[in-house]
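Undergrad:
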Amino acid sequence: MKSGAGKYPVGLVGVGNMGGGMAAHLLEQGWPVQVRDLNPHKEQVLQRLGAVAHGSAAQLAINSVVAIVCVVDAVQTEAVLFGPDGAAAVMQPGQAVMLCPTIAPQDVEAFARRLGQRGIATIDAPISGGPARARDGSMSLMLACADEVLERHRGLIDALSAKVFRISQRPGDGARTKLVNNLLAGINLAAAAEAMALAERLGLDLATTLDVIEQSSGQSWIGSDRMRRVIAHGGLGDYAPRAHTTLLAKDTRLATEAAEAAGFDAALGRLAAETFRRAVEAGFGGEDDASLFKLLSRAP
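Here it is as structure tokens:
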């Protein structure tokens with residue numbers, strides 16, 4: 022996609038791992054960035070890079086042309102847009118909201134309909150790739166919006182990511198694509214954790230086993246990324262959260278619900294979703310999703 026001209030104020034609500042990386046990347050390219058997060062420390066980090074922090078989503082929206090929502094789920098998105106001090110009430114026709122959370126397609130459609138009644142455009146734009154890729158602009162951006170909205174904000178979209186996938190003109194299709202991707206990610210991660218737990222049970226060296234997998238038919242990007250954390254620190258593991266276990270628990274659940282609504286039997290997806298659910302119940306929800314290995318390695 023070709024870059025558009027002109028840099029205007031952009032707001033990001035939710036500047037955690039992904040949103041913070043996106044904000045820092047935009048600042049580096051000279052975009053005026055407004056931020057809002059419930060964690061003041063996250064705002065302060067970006068303020069040192071030149072961002073302006075606001076006390077509410079509404080205040081951020083007043084000072085932005087596009088408000089990017091990068092929170093966790095539909096409940097938080099509802100609060101950001103339509104709750105007390107929400108953005109939608111103060112936004113003007115011609116402004117736009119970019120929805121980046123992984124949420125159900127029907128929620129995206131409902132938000133887009135309510136925003137559209139106010140003359141506010143919706144850009145359905147789920148993201149994938151992790152914080153490092155958000156920071157360097159190489160994350161995947163799955164885009165569903167009207168052509169005219171895309172053209173108006175092409176410069177911002179190109180600034181956010183060099184990997185933009187144009188899904189359709191229908192908000193909700195970005196969410197559908199993200200759920201398909203994340204269901205496969207969840208299946209691959211659950212399978213990698215199970216395979217490595219089996220390797221441990223068989224008395225194999227985990228580092229050597231992972232070396233073999235990464236050069237053989239069992240390799241997957243998410244499996245390599247997370248299982249490298251499992252064997253870090255001399256085998257003690259690194260479970261500091263880059264992507265919390267709760268996130269793929271939510272995403273695999275949403276994906277299997279979408280499959281059920283479409284009349285599709287996502288058998289492997291259900292198994293993966295159940296594994297993530299068990300990991301959260303076991304107390305690993307706040308840890309990195311590599312924690313599936315801990316769950317499966319202790320299984321009888």
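FYI, in the working numbering the residues of the sequence shown are 22 to 321.
Built from N, CA and C at the ideal position, the CB exists for glycine as well.
If you count every other CB in all the chains shown that lies within 10 Å of the CB of Trp52, and 16 or more means buried, which is it?
TA: Counting from one through the sequence shown, the residue named residue 52 turns up at place 31. Buried, by the Cβ-count rule.
Undergrad: Kindly give me the distance between the Cβ atoms of Ser161 and Ile178, rounded to whole angstroms, as I take these residues to be in contact under 8 Å.
TA: Counting from one through the sequence shown, the residue named residue 161 turns up at place 140. Counting from one through the sequence shown, the residue named residue 178 turns up at place 157. Actually they do not touch by this definition, with Cβ atoms about 12 Å apart.
Undergrad: Report the option in Met248, Val233 and Lys199 whose CA atom is closest to the CA atom of Ala213.
TA: For the purposes of this step, residue 213 is taken as residue 192 along the sequence shown, with counting starting at 1. Checked all of Met248, Val233 and Lys199; the closest Cα to Ala213 is Met248.
Undergrad: For Ala110 and Gln65, what's the separation of their Cα atoms in angstroms?
TA: Position 89 of the sequence shown, counted from the first residue, corresponds to residue 110. Position 44 of the sequence shown, counted from the first residue, corresponds to residue 65. Cα-Cα distance, rounded: 26 Å.
Undergrad: Can you tell me where the alpha helix (DSSP H) with Lys28 in it begins and where it stops?
TA: Translated into the one-based positions of the sequence shown, residue 28 becomes position 7. Premise fails: Lys28 is in no alpha helix (DSSP H) and is neither H nor E.
Undergrad: Out of curiosity, what's the CA-to-CA distance linking Thr273 and Arg222?
TA: If you number the sequence shown from 1, residue 273 lands on position 252. If you number the sequence shown from 1, residue 222 lands on position 201. Approximately 27 Å, taken between the alpha carbons.
Undergrad: So, for Val73: in the same chain, excluding its five sequence neighbours on each side, which residues have a beta-carbon less than 8 Å away from its beta-carbon?
TA: As a position in the sequence shown, residue 73 is number 52, starting the count at 1. Same-chain partners within the cutoff: Pro53, Val54, Gln55, Val56 and Asn84.
Undergrad: Given Arg69, which residues of its chain have a CB within under 7 Å of its CB, disregarding the five upstream and five downstream residues?
TA: Taking the sequence shown and counting its residues from 1, the one referred to as residue 69 is at position 48. Cβ within range, chain order: n/a, list empty.
Undergrad: Give the list of continuous beta strand (DSSP E) stretches no shorter than 3 residues that lie fully inside the segment 31-100.
TA: With a minimum length of 3 residues, the continuous beta strand (DSSP E) runs that stay inside the segment 31-100 are 31-34, 54-57 and 87-90.
Undergrad: Return the CA-CA distance between Leu231 and Asp246, expressed in angstroms with no decimal places.
TA: Locating residue 231 in the sequence shown gives position 210, where the first residue counts as 1. Locating residue 246 in the sequence shown gives position 225, where the first residue counts as 1. Rounded to whole angstroms, Leu231 to Asp246 spans 11 Å at the Cα level.
Undergrad: Report back the beta-carbon spacing between Ile124 and Ala228 to the nearest angstrom; my notes put them in contact at under 8 Å.
TA: Here residue 124 is taken as the residue at index 103 of the sequence shown, counted from 1. Here residue 228 is taken as the residue at index 207 of the sequence shown, counted from 1. About 38 Å separates the two Cβ atoms, so there is no contact after all.
Undergrad: Among Thr266, Leu210, Val118 and Ala253, which residue has its Cα nearest to the Cα of Ser241?
TA: Start at 1 with the first residue of the sequence shown, and residue 241 comes out as number 220. Here the closest residue by C-alpha is Leu210.
Undergrad: Put Met160 into one of helix, strand or coil per three-state DSSP.
TA: For this step, residue 160 is matched to residue 139 along the sequence shown. Met160 falls in the coil class under three-state DSSP.
Undergrad: Gly304: buried (16+ other C-beta within 10 angstroms of its C-beta) or exposed?
TA: Locating residue 304 in the sequence shown gives position 283, counting from the first residue. Answer is exposed; the Cβ neighbour count stays below 16.
Undergrad: Could you tell me which of Thr266, Gly71, Gln236 and Ile89 sits nearest to Gly40, measuring between CA atoms?
TA: By one-based count along the sequence shown, residue 40 stands at place 19. The shortest C-alpha separation from Gly40 is found at Ile89.
Undergrad: Expressed to the nearest angstrom, what Euclidean distance is found between the alpha-carbon atoms of Arg319 and Glu172?
TA: If you number the sequence shown from 1, residue 319 lands on position 298. If you number the sequence shown from 1, residue 172 lands on position 151. Computed Cα separation, rounded: 52 Å.
Undergrad: For Gly306, I'd like the list of residues in its chain whose CB is within less than 6 Å of its CB, leaving aside the five on either flank, ordered along the chain.
TA: Walking along the sequence shown from the start, residue 306 turns up at place 285. Thr266 and Thr267, listed in sequence order.
Undergrad: Could you check what DSSP says for Ser322 in three-state terms: helix, strand or coil?
TA: This structure gives no information on residue 322, because the portion of the chain shown stretches from 22 to 321.
Undergrad: Taking all protein chains shown into account, do 16 or more other C-beta atoms lie within 10 angstroms of the C-beta of Ala206, making it buried, or fewer, making it exposed?
TA: For the purposes of this step, residue 206 is identified with residue 185 of the sequence shown, where counting begins at 1. So Ala206 counts as buried.
Undergrad: Could you tell me whether the Cβ atoms of Arg291 and Pro152 are closer together than 8 Å?
TA: Residue 291 sits at position 270 when you count from the first residue of the sequence shown. Residue 152 sits at position 131 when you count from the first residue of the sequence shown. Their beta carbons are not under 8 Å apart, which means Arg291 does not touch Pro152 by this criterion.
Undergrad: How many whole angstroms separate the CB atoms of Ala200 and Ala276, which I take to be in contact at a CB cut-off of 8 Å?
TA: The residue you call residue 200 lines up with position 179 of the sequence shown. The residue you call residue 276 lines up with position 255 of the sequence shown. According to the sequence as given, residue 200 is Leu; it is not Ala. About 4 Å; that satisfies the 8 Å criterion.
Undergrad: Out of curiosity, what's the CA-to-CA distance linking Ala165 and Gly32?
TA: Mapped onto the sequence shown, residue 165 falls at position 144. Mapped onto the sequence shown, residue 32 falls at position 11. Near 20 Å, if we compare the C-alpha coordinates of Gly32 and Ala165.
Undergrad: Should Leu219 be labelled buried (16 or more other beta-carbon atoms within 10 Å of its own) or exposed?
TA: For the purposes of this step, residue 219 is identified with residue 198 of the sequence shown, where counting begins at 1. Per the 10 Å Cβ criterion, exposed.
Undergrad: According to DSSP, is Asp259 helix, strand or coil?
TA: Counting from one through the sequence shown, the residue named residue 259 turns up at place 238. Asp259: coil per DSSP, three-state reduction.
Undergrad: If we ignore side chains and look at the alpha-carbon of each, how far apart do Ala142 and Asp259 end up?
TA: Along the sequence shown, one-based indexing puts residue 142 at 121. Along the sequence shown, one-based indexing puts residue 259 at 238. Each residue's alpha carbon lies about 41 Å from the other.
Undergrad: Which full runs of the beta strand (DSSP E) of 3+ residues lie inside the segment 114-180, going along the chain?
TA: Runs found: 117-120, 142-145 and 161-165.
Undergrad: Could you tell me the distance, in whole angstroms, from the CA atom of Glu235 to the CA atom of Gly244?
TA: By one-based count along the sequence shown, residue 235 stands at place 214. By one-based count along the sequence shown, residue 244 stands at place 223. Their Cα atoms are separated by approximately 9 Å.
Undergrad: State the Cα-Cα distance for the pair Asn202 and Gly224, rounded to the nearest angstrom.
TA: In the sequence shown, residue 202 corresponds to position 181, counting from 1. In the sequence shown, residue 224 corresponds to position 203, counting from 1. Approximately 33 Å, taken between the alpha carbons.
Undergrad: Just the C-alpha distance for Val115 and Arg139, rounded to the nearest angstrom, thanks.
TA: Within the sequence shown, the letter at position 94 stands for residue 115. Within the sequence shown, the letter at position 118 stands for residue 139. The residue asked about is misnamed: residue 115 is Gly in this sequence, not Val. Near 9 Å, if we compare the C-alpha coordinates of Arg139 and Gly115.
Undergrad: Going residue by residue through the segment 171-242, where are the continuous beta strand (DSSP E) segments of at least 3 residues, counting only ones entirely within it?
TA: Runs found: 184-189.
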